[in-house]
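Student:
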Amino acid sequence: NAGVMQNPRHLVRRRGQEARLRCSPMKGHSHVYWYRQLPEEGLKFMVYLQKENIIDESGMPKERFSAEFPKEGPSILRIQQVVRGDSAAYFCASSPQRVNQPQHFGDGTRLSIL
Amino acid sequence: SQQGEEDPQALSIQEGENATMNCSYKTSINNLQWYRQNSGRGLVHLILIRSNEREKHSGRLRVTLDTSKKSSSLLITASRAADTASYFCATVVNTGTASKLTFGTGTRLQVTL
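Order-wise, the sequence lines are chains R and X. Using my numbering, read the first sequence as starting at 1 and increasing by one per residue. Using my numbering, read the second sequence as starting at 115 and increasing by one per residue.
#1: Can at least three beta-carbon pairs, one atom from the region 100–109 of chain R and one from the region 155–170 of chain X, be found at a separation below 8 Å?
#2: Assign Ala73 (chain X) to one of three DSSP states: helix, strand, or coil.
#3: Is Asn145 (chain X) close to chain R? Criterion is C-beta to C-beta, closer than 8 Å.
#4: Counting only the same chain and skipping the five closest in sequence on each side, list residues whose C-beta sits under 6 Å from that of Ala89 (chain R).
#5: What is the DSSP secondary structure of Arg84 (chain R), reduced to helix, strand or coil?
#6: Along chain X, in chain order, which residues have C-beta atoms closer than 8 Å to that of His104 (chain R)?
#7: Tell me whether Ile143 (chain X) sits in a helix, a strand or coil according to DSSP, three-state version.
#8: Helix, strand or coil for Leu38 (chain R)? Go by DSSP, reduced to three states.
#9: Tell me which residue opens and which closes the beta strand (DSSP E) that Lys44 (chain R) is part of.
#10: Is the shortest distance between the beta-carbon of Arg150 (chain X) and the beta-carbons of chain R less than 8 Å?
#11: Which residues of the region 48–67 of chain R have a Cβ closer than 9 Å to any Cβ of chain X? Give them in chain order.
#12: Using a Cβ cut-off of 9 Å, pull out every chain R residue sitting near Gly173 (chain X), in sequence order please.
#13: Does Leu162 (chain X) come within less than 8 Å of chain R when only Cβ atoms are used?
#14: Give me the Cβ distance between Val225 (chain X) and Glu129 (chain X), rounded to the nearest whole Å; I'm assuming they're in contact under 8 Å.
#15: Using a Cβ-Cβ cutoff of less than 6 Å, which residues in the same chain neighbour Asn7 (chain R) once the five nearest sequence positions on both sides are dropped?
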């Protein structure tokens, strides 16, 4: 079984550009989570999605950030008009549709804003 | 504020010694999980302990949970250089069929030869 796949691993954008981060969950997992990690810090929850539904987006900034998990294809985290403060590692995790199950993480996308 | 706070922030030990990391949290939880993160990599799940459990073992790992004190500890016995990593506790409050993790700030463990 392939693990959670994130791409790209590294993404460089200039201020004002758009960043698109992709995540393919583990096979059989219907729940996807996005987290952000700043250097020397823990991960901060951003958004939780199931297929075609956003379940909890309480950790995601109201402006410029959006996420989707379409019926077909990977989950996408989109950041519009990026600013320097968006520089971070963004991690995706997936889990099966059962309670008390661990989340499986991808290796993250490291976003750098010039 | 952080739901989980790990203590210590950094720990340096020699190979063969035991490493103990502590985690405190603020609200009632459904379960608590420990993860490891190697530099530049994603998180790897180590162990999950449910709110009605007090202790759990997995290989060289031992986790305890004290819900009355809202704290947990992770013990790694007979440490190895390969155990060098950051360790995070994460709490889960279930609001449905699956729930978000709330992470602490982590303990950076260095195991030297």
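The beta-carbon is built from N, C-alpha and C at its ideal position, and this holds for glycine as well.
Tutor: Concretely, from the data shown:
#1: yes
#2: Here chain X covers residues 115 to 227 and nothing more, so residue 73 (chain X) does not appear.
#3: Counted from its first residue, the second sequence places residue 145 (chain X) at position 31. By this cut-off, Asn145 (chain X) is an interface position.
#4: Indexing the first sequence from 1 puts residue 89 (chain R) at position 89. Excluding residues within five positions, the ones whose Cβ falls inside 6 Å are Gln37, Gly108 and Arg110.
#5: Position 84 of the first sequence, counted from the first residue, corresponds to residue 84 (chain R). Arg84 (chain R): helix per DSSP, three-state reduction.
#6: Within the first sequence, numbered from 1, the residue matching residue 104 (chain R) stands at position 104. Going along chain X in sequence order, the residues near His104 (chain R) (Cβ under 8 Å) are His159.
#7: By one-based count along the second sequence, residue 143 (chain X) stands at place 29. Coil, per DSSP.
#8: Residue mapping note: residue 38 (chain R) aligns to position 38 of the first sequence, counting from 1. Coil.
#9: Reading the first sequence from its first residue, position 44 is the one you call residue 44 (chain R). Looking at the DSSP string, the run of the beta strand (DSSP E) that includes Lys44 (chain R) is Leu43 to Gln50.
#10: The sequence position of residue 150 (chain X) within the second sequence is 36, counting from 1. Cβ-Cβ to chain R under 8 Å: no for Arg150 (chain X).
#11: Tyr48, Gln50, Ile55, Asp56, Ser58 and Gly59
#12: Mapped onto the second sequence, residue 173 (chain X) falls at position 59. The contacting residues do not exist; Gly173 (chain X) stays about 16 Å from chain R at best.
#13: For this step, residue 162 (chain X) is matched to residue 48 along the second sequence. Judged by the 8 Å Cβ criterion, Leu162 (chain X) is in contact with chain R.
#14: Position 111 of the second sequence holds residue 225 (chain X). Position 15 of the second sequence holds residue 129 (chain X). The Cβ separation is near 6 Å, so the contact holds.
#15: Position 7 of the first sequence, counting from 1, holds the residue named residue 7 (chain R). Taken in chain order, the residues that qualify are Arg22.
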